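The sequence shown begins at 1 in UniProt numbering and counts up one residue at a time. Here the structure is laid out as structure tokens; the discussion comes afterwards.
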Amino acid sequence: MTALLDLCGLSVRRGGRLVLDGVDLRLESGERLALAGANGAGKTTLLRAIVGLEMPDAGEIVAFGRARREETDFRDLRQRIGFLFQDSDDQLFAPTVIEDVAFGPLNLGFTPAQAIERAQAVLADLDLLTLNQRVTHHLSGGEKRLVALAGVLAMDPDVLLLDEPTNALDEAHLARLTAILAELPVAMILVSHDAHFLATLSTRAVLLEDGHLKPAVAHRHQHRHDHVHFHPIDED
Numbered sequence: 001m002t003a004l005l006d007l008c009g010l011s012v013r014r015g016g017r018l019v020l021d022g023v024d025l026r027l028e029s030g031e032r033l034a035l036a037g038a039n040g041a042g043k044t045t046l047l048r049a050i051v052g053l054e055m056p057d058a059g060e061i062v063a064f065g066r067a068r069r070e071e072t073d074f075r076d077l078r079q080r081i082g083f084l085f086q087d088s089d090d091q092l093f094a095p096t097v098i099e100d101v102a103f104g105p106l107n108l109g110f111t112p113a114q115a116i117e118r119a120q121a122v123l124a125d126l127d128l129l130t131l132n133q134r135v136t137h138h139l140s141g142g143e144k145r146l147v148a149l150a151g152v153l154a155m156d157p158d159v160l161l162l163d164e165p166t167n168a169l170d171e172a173h174l175a176r177l178t179a180i181l182a183e184l185p186v187a188m189i190l191v192s193h194d195a196h197f198l199a200t201l202s203t204r205a206v207l208l209e210d211g212h213l214k215p216a217v218a219h220r221h222q223h224r225h226d227h228v229h230f231h232p233i234d235e236d
């Protein structure tokens with residue numbers, strides 16, 4: 001079976017430092033891949049490289065069976081891969097919630113009426129329909145996070161790249177987000193500091209350390225509080 005994404009020997013250098021060093025990664029249909037790693041490990045850089053927002057210094061990106069090398073190779077890819085940025089303010093730009101969520105479908109060729117209908121359906125799925133006429137920059141941090149996700153889902157992507165999707169969410173919205181993502185049939189790469197969230201949703205995990213990607217597994221530790229860590233599979 002052809003992988004949706006196939007990264008081979010991917011390297012990215014920033015300021016003289018090799019952030020990604022020969023990374024190999026495959027994402028198969030239906031996989032929910034947890035991408036774990038410390039702050040500054042290069043997780044966001046890897047996601048950005050997949051959609052051509054960060055051009056690699058070496059290696060190859062093959063997406064949906066096509067090698068992607070130049071900026072023009074990534075343009076259609078960005079319609080098929082939904083990328084939730086780490087900072088929602090980088091993603092929301094339309095005056096109202098409904099306009100923001102409808103923007104993607106409009107760019108895909110939907111009529112204005114169809115785009116609004118699609119946006120309303122996605123907002124309803126996320127239990128956000130009451131926000132549809134709200135001004136985006138007046139939203140709370142958690143509301144912005146979910147509206148940004150709604151804008152991504154409205155594009156009906158084949159793959160999701162979710163960079164810290166749980167940021168600023170309260171328990172109710174976190175539970176709703178987890179349920180929605182668990183039901184989606186699309187493949188996804190999940191980056192989050194919430195290890196419980198990753199362990200709950202992921203079908204497979206990898207750990208990014210020192211520029212290298214390693215197969216990983218979630219371990220539950222009983223300390224003062226019960227919490228989860230990801231470790232390389234070969235680690236004792």
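Heads up, the beta-carbon is just placed ideally off N, CA and C, and yes, glycines get one too. The structure presented is a predicted model; accordingly, all values stated were derived computationally and were not measured.
- Using a 10 angstroms sphere on the CB of H138, the tally of other CB atoms stays under 16, which defines it as exposed.
- Partner residues in the beta bridge of P232, as assigned by DSSP, are A216.
- For L149, the enclosing alpha helix (DSSP H) begins and ends at 141-153.
- Straight through space, the alpha carbons of G104 and V23 are spaced by roughly 31 angstroms.
- In this structure, V51 keeps its C-beta atom at 8 angstroms or more from the C-beta atom of D6.
- Exclusion of the five residues before and after L77 leaves V51, G52, A63, F64, R68 as the residues of its chain whose Cβ lies within less than 8 angstroms of its Cβ.
- Taking every protein chain shown into account, the CB of T44 has 16 or more other CB atoms within 10 angstroms, so this residue is buried.
- Here R26 has A3, L5, D6, L7 as same chain residues with Cβ atoms under 8 angstroms from its own Cβ, once five neighbours each way along the sequence are excluded.
- If you compare the alpha carbons of L198, E54, L129, G82 with that of E71, the shortest gap goes to E54.
- Rounded to whole angstroms, the gap between the alpha carbons of R118 and R13 is 40 angstroms.
- Residue pairing for A187: DSSP places it in a beta bridge opposite V159.
- Fewer than three beta-carbon pairs drawn from the segment 106-122 and the segment 178-197 are found closer than 8 angstroms, and the two stretches are therefore not classed as touching.
- For the pair L177 and L162, the Cα-to-Cα distance works out to about 12 angstroms.
- For E209, the enclosing beta strand (DSSP E) has its first and last residue at 204-209.
- Residue S88 holds the alpha-carbon nearest to the alpha-carbon of G142 among A216, S88, H193.
- By the Cβ neighbour-count rule, F85 is buried, with 16 or more other Cβ atoms within 10 Å of its own.
- Here V51 carries a coil assignment [DSSP, helix/strand/coil].
- Scanning its chain for C-beta atoms nearer than 6 angstroms, with the 5 sequence neighbours on each side dropped, one finds around A102 the residues A115, I116, A119, in chain order.
- Per DSSP, the continuous alpha helix (DSSP H) segment holding E117 begins and ends at 112-125.
- Just measuring C-alpha positions, the residue of R48, A34, L33, S29 sitting nearest L20 is R48.
- If you draw a straight line from the Cα of A195 to the Cα of N132, it is about 31 angstroms long.
- Annotation: A216 to D158 spans about 25 angstroms, alpha carbon to alpha carbon.
- In its chain, beyond the 5 residues on either side, E164, P165, T166, L198 have a beta carbon closer than 7 angstroms to the beta carbon of S192.
- DSSP links T96 through a beta bridge to V135.
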